[in-house]
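Each residue of the sequence shown is one higher than the one before, counting from 1 in the numbering used here.
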Amino acid sequence: MEMVILEDEQAVARRAADILESYVRPGATLGLATGSTPLGMYRDLIRRHRSSSLSFAGCRAFLLDEYVGLPSGHEQSYRETIRREFTREIDIADDQVLGPDGSAQDLWAAAQEYERAITDAGGVDIQVLGVGTDGHIGFNEPGSSLVSRTRLKTLHSQTVEDNARFFGSASEVPRHVLTQGLGTIVDAGHLLLLAIGPGKAQAVAALAEGPLSANCPASVLQWHPRATVVCDEAAAADLRHGEYYRAVLQAASARQLRRVAPEG
Ligand code: GLP
1 MEMVILEDEQ
11 AVARRAADIL
21 ESYVRPGATL
31 GLATGSTPLG
41 MYRDLIRRHR
51 SSSLSFAGCR
61 AFLLDEYVGL
71 PSGHEQSYRE
81 TIRREFTREI
91 DIADDQVLGP
101 DGSAQDLWAA
111 AQEYERAITD
121 AGGVDIQVLG
131 VGTDGHIGFN
141 EPGSSLVSRT
151 RLKTLHSQTV
161 EDNARFFGSA
171 SEVPRHVLTQ
181 GLGTIVDAGH
191 LLLLAIGPGK
201 AQAVAALAEG
211 PLSANCPASV
221 LQWHPRATVV
231 CDEAAAADLR
241 HGEYYRAVLQ
251 AASARQLRRV
261 APEG
């Protein structure tokens with residue numbers, strides 16, 4: 001796992017945008033995440049799109065997850081959120097941005113259909129991830145199978161509480177979701193997890209330095225040959241080997257080793 005600890009939120013957004021941009025070309029498949037953490041990266045990419053020749057034409061995108069039961073077009077649905085925060089501001093075709101259909105009558109069929117769509121697209125080249133305070137990625141709550149595929153999940157009360165800020169109150173947060181499984185997520189070519197702020201420090205330490213365990217679903221990144229964690233100093237505060245990760249990064253940039261191969 002490549003650990004990239006940077007001074008602040010802006011630096012995280014810039015570095016994440018650099019990494020994502022390196023995958024953007026016609027035919028690329030991008031895995032997008034919602035939540036507040038990647039917003040800075042999206043804003044940076046929108047700025048690059050407007051001011052330079054960065055074009056997303058011919059790219060496809062898949063979302064990690066979706067609430068169950070929100071009508072399509074609901075402003076808090078993840079499909080609508082990603083459209084508002086990112087994809088309508090760039091030149092990716094709207095029908096090339098897909099998410100699991102949380103409004104389907106048959107949720108199991110919708111989950112399988114989503115898996116098929118990802119496979120038919122040839123898989124995801126780079127998957128952006130945030131992390132929940134309880135260590136979830138997508139909506140794979142603690143206890144999720146490390147080889148799970150897209151399916152229905154019930155939200156942890158901690159996640160309901162964390163996400164209440166996007167709704168009027170916790171009682172309005174849907175309790176069920178469709179989410180890519182951990183097995184689906186690790187099929188992506190590159191996993192790029194972003195974390196900002198002291199509220200994520202425990203989760204970052206657990207995912208990077210704790211055991212590979214369903215109890216911390218994000219620890220599945222340890223299983224992936226190409227995983228990059230980009231976080232700010234506050235989110236890195238609980239890491240035991242923080243000094244080592246900073247030294248690796250410094251040595252690599254001094255010798256421009258990143259161009260050859262990042263350390264896995
Ligand atoms: C939600 C999303 C996750 C996201 C997490 C953290 O639960 N399903 O994909 O990573 O929230 O969100 P935030 O970045 O707002 O802290």
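By construction, the Cβ of each residue, glycine as well, lies at the ideal position given by its N, Cα and C atoms.
query                                                                                                                                                                          : result
Three Cβ pairs or more, each shorter than 8 Å: is that satisfied between the segment 70-86 and the segment 19-28?                                                              : no
Short check: CB of Leu-239 to CB of Glu-209, under 8 Å?                                                                                                                        : yes
Who are the near neighbours of Ala-121 in its chain, counting only those whose CB is closer than 6 Å to its CB and skipping five residues on each side?                        : Thr-29 and Arg-60
Could you please give the first and the last residue of the uninterrupted alpha helix (DSSP H) stretch that includes Tyr-78?                                                   : 78-85
In three-state terms, what does DSSP make of Phe-166?                                                                                                                          : helix
Check whether the segment 172-187 and the segment 149-162 touch, using three or more Cβ-Cβ pairs below 8 Å as the test.                                                        : yes
Just to confirm my understanding: we take Pro-198, look at its own chain, exclude 5 residues before and 5 after, and list those with CB closer than 6 Å. What are they?        : Ala-234
State the DSSP-derived secondary structure class of Val-160, mapped to helix, strand or coil.                                                                                  : helix
Just to confirm, is the Cβ distance from Cys-231 to Leu-194 under 8 Å?                                                                                                         : yes
Taking Arg-79 and Leu-63 to be in contact with their CB atoms under 8 Å, please state how far apart those CB atoms are, rounded to whole angstroms.                            : 7 Å
If contacts are defined as beta-carbon pairs under 8 Å, then Met-41 and Ala-57 qualify, I think. What distance do you get, rounded to the angstrom?                            : No, Met-41 and Ala-57 are not in contact; Cβ-Cβ is about 20 Å, not under 8 Å.
Arg-246 by DSSP, collapsed to three states: which one?                                                                                                                         : helix
In or out: Leu-212 buried (at least 16 other Cβ within 10 Å) or exposed?                                                                                                       : exposed
Between Gly-102, Ala-104, Thr-87 and Val-177, which lies nearest to Gln-96 when the distance is taken from Cα to Cα?                                                           : Thr-87
Tell me which residues share the same chain as Phe-139 and place their Cβ nearer than 6 Å to its Cβ, disregarding the 5 neighbours each side in the sequence.                  : Asp-65, Lys-153, Val-177 and Thr-179
Does the segment 105-112 come into contact with the segment 4-21, if we say contact requires no fewer than three beta-carbon pairs (one atom in each stretch) closer than 8 Å? : no
Quick one: what's got a C-beta closer than 7 Å to Gln-222's C-beta in the same chain, skipping five residues either side?                                                      : Met-1 and Leu-212
How about Thr-37 and Ile-82: are their beta carbons less than 8 Å apart?                                                                                                       : no
Report the rounded CA-to-CA distance for Gly-135 versus Ser-219, giving the unit in angstroms.                                                                                 : 8 Å
With C-beta atoms as the reference, is Val-224 less than 8 Å away from Leu-191?                                                                                                : Note that residue 224 is His in the sequence shown here, rather than Val. Cβ distance < 8 Å, so His-224 and Leu-191 count as in contact.
Could you pull out every residue in the same chain whose Cβ sits closer than 8 Å to the Cβ of Ala-142, ignoring the five residues on either side in sequence?                  : One detail in the question is off: residue 142 reads as Pro in this sequence, not Ala. Counting only Cβ-Cβ distances below 8 Å, and skipping sequence neighbours, we find Asp-134, Gly-135, His-136, His-156, Ala-214, Asn-215, Cys-216 and Pro-217.
Quick one: give me the first and last residue of the alpha helix (DSSP H) that Ile-19 is part of.                                                                              : 9-21
Taking DSSP as the reference, what is the three-state secondary structure of Ala-227?                                                                                          : strand
Over the uninterrupted alpha helix (DSSP H) stretch that includes Asp-94, give me the two end residues.                                                                        : Careful: Asp-94 lies outside any alpha helix (DSSP H) and carries neither H nor E.
What are the complete alpha helix (DSSP H) segments, minimum 4 residues, inside the segment 112-145?                                                                           : none
Taking buried to mean at least 16 other C-beta atoms within 10 Å of its own C-beta, is Gly-31 buried or exposed?                                                               : buried
Would you list the one or two residues that DSSP bridges to Leu-213?                                                                                                           : For the record, residue 213 in the displayed sequence is Ser; it is not Leu. According to DSSP, Ser-213 bridges with Cys-216.
With a cut-off of 8 Å on the beta carbons, I'd call Ile-90 and Leu-45 a contact; round off their distance for me.                                                              : 7 Å
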